[in-house]
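Asks: For what it's worth, this note's numbering labels the leading residue of the sequence shown as 91, then goes sequentially.
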Amino acid sequence: MSNGGSSSIVVVLVVVVVVVVVVVVVVVVVVVVVVVVVVVVVVVVVVVVVIMVVIVVVVVVVVVVVVVVVVVVVVVVVI
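(1) How big is the Cα-Cα spacing for residue 125 and residue 116?
(2) Which class does residue 169 belong to by DSSP, given the choice of helix, strand or coil?
(3) If we ignore side chains and look at the alpha-carbon of each, how far apart do residue 111 and residue 118 end up?
Right, dumping it as structure tokens:
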């Protein structure tokens, strides 16, 4: 009886250890996936913001160049 009891305790301990290891692995995988998703989202947001800033700068430069050219042409025509 005592042998059977100790072996069943060992089996229960092994099952508990396996369950704990599986839970820890699942938690680690979930944390890693969440971190990767957050990093990807942050990178995408930064890239989109940089692209928008570049577009705004290009538009401002084009508008300034057009205004300068128009002013120069008007001054030359008037003079």
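For every residue, glycine included, the Cβ atom is placed at its ideal position computed from N, Cα and C.
Replies: In short, the structure shows the following:
(1) Along the sequence shown, one-based indexing puts residue 125 at 35. Along the sequence shown, one-based indexing puts residue 116 at 26. A direct Cα-to-Cα measurement between residue 125 and residue 116 gives close to 14 Å.
(2) Numbered from 1 along the sequence shown, position 79 holds the residue referred to as residue 169. The answer is coil: DSSP assigns residue 169 none of H, G, I, E or B.
(3) As a first step, residue 111 is located in the sequence shown; it is residue number 21 there, counting from the start. As a first step, residue 118 is located in the sequence shown; it is residue number 28 there, counting from the start. Residue 111 and residue 118: Cα-Cα distance of roughly 10 Å.
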